[in-house]
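Each residue of the sequence shown is one higher than the last, beginning at 14 in our numbering. C-beta: ideal position from N, C-alpha, C; glycine also. To start, the structure itself, in C-alpha cells.
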Amino acid sequence: MAFEAPKEKYQGRIREVVIGATKEQGGTRRASIVAGGSGGLQFHRFDAEMPHLPLVGMDVVDTVRVVPDQLLSSIGPVTKEPVEWAKKVDREWGSDFCVLKLLSANPEEENRSIEECVSLVSEVLKSTTIPLMVYGCGIEEKDSKLMEAVSNAGKGERLFLGLAEEKAFKSIAAASMSNGHGIVAFSNLDINLAKQMNILLLDFGVKPENILMDPLMAALGMGLEYSYSVIERLRLAALMGDQVLQMPILCDCSCAWAAPEALEENPDRGSPEVRGVFWEAMTAYAAMVAGADAVMMRHPQAVARLRAAIVDIAGGA
C-alpha cells in the first residue's frame with residue numbers, strides 16, 4: 014500500500030488582492046501584481062495551493078530626515094531625489110512595488126504643501142512602471158486632504174493608500190473608494206484591533222478585495238517575536254474560516270533601520286552598513302515566514318538576500 018502523506022486541511026484561504034493597474038485596466042503600470050491567495054500556512058505547498066509567492070516591495074521617503082546616515086551613504090545620492098530613487102527601485106533593484114512615503118507633509122516638520130506632494134506622486138507615476146502605494150505623514154488633519162488629492166491624481170492606477178487607523182480612517186477610506194484605489198489598514202500589534210479595523214472599513218463601504226492589513230512589524234531586537242506571533246495568529250484565524258481576517262498582510266520591514274543594535278558602532282560586530290542589511294533581511298524573512306503576503310524594505314542588498322531566501326525555501330522568486 015502506497016504511503017500518502019497527511020495534509021493539514023483548512024476551511025478558509027487568504028483573499029487575492031490586486032495592486033496596480035495596466036493600460037488595459039485603466040492605469041499605466043506595466044503589470045498588476047497579486048497578494049494573497051494561499052490556502053495554507055506560508056510556503057506549506059505540501060498542504061495547500063500557494064498561487065503567489067510573497068511580494069517584495071521597497072519604500073521611498075521624500076525627506077532624508079528619517080533616513081540613517083549608514084543607509085544614506087550605502088544607497089547613495091538618489092536618497093535626496095525621490096523620483097530618481099523610485100526609478101532605481103523600479104529598474105535596478107528588483108522590487109515588485111514601490112511605496113512612496115510623503116513624510117515631508119508633516120506640518121510639524123517640513124510642512125510641504127499638498128500641491129508639492131501631489132506633484133511628486135505624479136512624477137513618480139510618470140517615471141516608473143511598477144505598482145505604487147502612497148502613505149501620508151501620519152497627521153490626520155493634513156493626511157485627510159492629502160490623500161484625497163493623491164487619489165484624484167492617481168485615478169485609474171489602483172494605488173494603495175495608507176495608513177488607515179482606528180481613529181482616522183474615514184477620510185482615507187473615502188479617498189480610496191472615490192477612484193477605485195485600495196487601502197492599507199494599520200493596527201498596533203493587536204489581533205482584535207486588526208479585525209476591528211477591517212470591520213470598520215467594510216462597514217464604511219470598502220470592499221474586502223481592496224484591503225491590505227498592516228499589523229505592525231517590529232524589527233529584530235525591538236519585539237520581533239511578538240510581531241511574529243500576532244502575524245501567525247492572524248494567518249491561522251483566516252485559514253480557520255474568519256472571513257474578516259482573510260485579507261493579505263503587508264509588513265513594513267524598513268523599521269529594522271531604527272534598531273539601535275543594527276547601526277551602533279561596535280568593532281566586534283563589524284560594519285553597521287553590512288549589519289543593517291542583514292538586520293533588515295532577517296526582519297523581512299521572519300515576517301514572511303510568519304504569514305506576510307507582502308513585505309516592504311529599504312536597502313537593495315537586503316532585498317537581494319530576501320529574494321535568495323525565497324528561492325531556497327520555495328524554489329522561485
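If you keep only unbroken beta strand (DSSP E) runs of at least 3 residues inside the region 185-210, you get 195-199.
Taking C-alpha positions only, VAL73 is separated from GLU17 by approximately 48 angstroms.
DSSP, reduced to helix, strand and coil, places LEU176 within a strand of the structure shown. Taking a C-beta distance under 7 angstroms as the contact criterion, ILE326 and PHE59 do not qualify as a contact pair.
Partner residues in the beta bridge of CYS264, as assigned by DSSP, are VAL308. Counting only residues of its own chain and dropping the five nearest sequence neighbours on each side, ARG125 has a CB closer than 7 angstroms to the CB of SER117 and ALA118.
If only uninterrupted alpha helix (DSSP H) runs of at least 4 residues are considered, those enclosed by the region 77-162 are 82-88, 95-104 and 127-140.
Excluding five sequence positions before and after LEU276, the CB atoms of its chain that fall closer than 8 angstroms to its own CB belong to PRO81, GLN83, TRP270, PRO285, ARG288 and GLY289, given in chain order.
Under the DSSP definition of a beta bridge, ILE326 lacks any partner. No residue range can be given for MET235, since it is assigned to no alpha helix (DSSP H) and is classified by DSSP as neither H nor E. Annotated three-state conformation of ALA181 is strand, per DSSP. Leaving aside the five residues that flank ALA297 on each side, the residues in its chain whose CB is nearer than 6 angstroms to its CB run, in chain order, CYS266, VAL308, MET310 and LEU319. The C-beta separation of SER240 from LEU229 comes to about 7 angstroms, placing the pair in contact by the 8 angstroms criterion. Rounded to the nearest whole angstrom, the C-alpha separation of VAL102 and GLY167 is 19 angstroms.
Assignment of MET253 by DSSP, reduced to helix, strand and coil, places it in the coil class.
Annotation for GLY70: the continuous beta strand (DSSP E) segment containing it runs 68-74. If you compare the alpha carbons of MET14, MET146, ALA48 and ARG78 with that of ILE27, the shortest gap goes to ALA48. The Cβ atoms of ARG171 and ALA34 sit closer than 7 angstroms to each other. In this structure, GLY52 lies near GLU62, with their beta-carbon atoms less than 7 angstroms apart. Counting only residues of its own chain and dropping the five nearest sequence neighbours on each side, GLU123 has a CB closer than 7 angstroms to the CB of THR76 and SER117. Shown here for ASP156: same chain residues with a beta carbon closer than 8 angstroms to its own, the five before and five after excluded, namely ALA118, GLY149, CYS150, ALA181, SER184 and ILE185 in chain order. Taking the CA atoms as reference points, CYS264 sits about 21 angstroms from MET160.
The straight-line gap separating the alpha-carbon atoms of LEU202 and ALA15 is approximately 45 angstroms.
Assignment of THR41 by DSSP, reduced to helix, strand and coil, places it in the coil class.
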